[in-house]
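Report on the structure given below.
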Amino acid sequence: MAGRSDTLRSPPASSEGRRRIMASIRSTNTKPERLLRSALWAAGLRGFRCHWHGPGGRIDVAYTRWKVAIFVDGSFWHGHPSKWQPGRWSGYWDEKIRRNITRDERQNSALADTGWRVLRVWDFEVEHDSGAVAETVKRELEAARLSPGNRS
Numbered sequence: 712m713a714g715r716s717d718t719l720r721s722p723p724a725s726s727e728g729r730r731r732i733m734a735s736i737r738s739t740n741t742k743p744e745r746l747l748r749s750a751l752w753a754a755g756l757r758g759f760r761c762h763w764h765g766p767g768g769r770i771d772v773a774y775t776r777w778k779v780a781i782f783v784d785g786s787f788w789h790g791h792p793s794k795w796q797p798g799r800w801s802g803y804w805d806e807k808i809r810r811n812i813t814r815d816e817r818q819n820s821a822l823a824d825t826g827w828r829v830l831r832v833w834d835f836e837v838e839h840d841s842g843a844v845a846e847t848v849k850r851e852l853e854a855a856r857l858s859p860g861n862r863s
């Protein structure tokens with residue numbers, strides 16, 4: 712019977728090239744995250760924290776004063792329907808992405824339960840039009856500022 716450690720271990724790389732590619736994938740400071748932060752700065756939306764540890768885990772961009780959490784989700788890693796269909800990949804990858812989706816849901820709940828607003832954007836949305844995403848963040852911040860618990 713396979714133990715839990717067997718189900719979490721990644722499969723061996725099929726080639727040296729594949730191993731190098733997988734090892735190079737970043738989890739922080741990705742291109743979409745950097746694009747979003749630049750767009751926020753350009754829009755005058757400063758005062759955010761990067762990779763802040765909050766309720767439920769690490770937040771990509773956090774406005775702690777207003778309790779607004781922003782996540783830039785990779786479309787493959789976080790299960791966007793255009794990039795991931797259950798059963799298309801090996802059992803390992805299906806399970807990995809399902810765990811990521813479940814973790815995202817838990818994190819959303821933990822943040823909401825403590826009064827945070829959560830905004831999740833896809834990497835391709837930021838890459839396509841980071842200014843539009845910054846405008847969405849601006850509207851969310853304005854709504855948060857007007858919330859009864861955040862007026863100052």
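So for the sequence shown, my numbering puts the first residue at 712; every next one is plus one. We put the beta carbon where it would ideally sit given N, CA and C, even for glycine. None of these values were measured; they are calculated from a predicted model.
In its chain, beyond the 5 residues on either side, Arg817, Gln818, Ala821 and Leu822 have a beta carbon closer than 7 Å to the beta carbon of Gly767.
Looking at the DSSP output, Ile812 sits in no beta bridge, so it has no partner there. Within its own chain, no residue has a Cβ closer than 7 Å to the Cβ of Ser858 once the five positions on either side in sequence are excluded. Annotation for Asp784: the continuous beta strand (DSSP E) segment containing it runs Val779 to Asp784. When only Cα atoms are considered, Ala854 and Ser801 end up about 42 Å apart. In the three-state DSSP reduction, Trp804 falls in the helix class (H, G or I).
DSSP, read as helix, strand or coil, puts Ala754 in coil.
Per DSSP, His839 is one residue of the alpha helix (DSSP H) stretching across Asp834 to His839.
Per DSSP, His789 lies in no beta strand (DSSP E) and is assigned neither H nor E.
The C-beta separation of Val783 from Val848 comes to about 11 Å, leaving the pair out of contact by the 8 Å criterion. Minimum Cα-Cα distance from Val772 among the listed residues Ile808, Arg831 and Arg809 corresponds to Arg831. Nearest C-alpha to Leu746 among Ser786, Trp804, Val779 and Asp834: Asp834.
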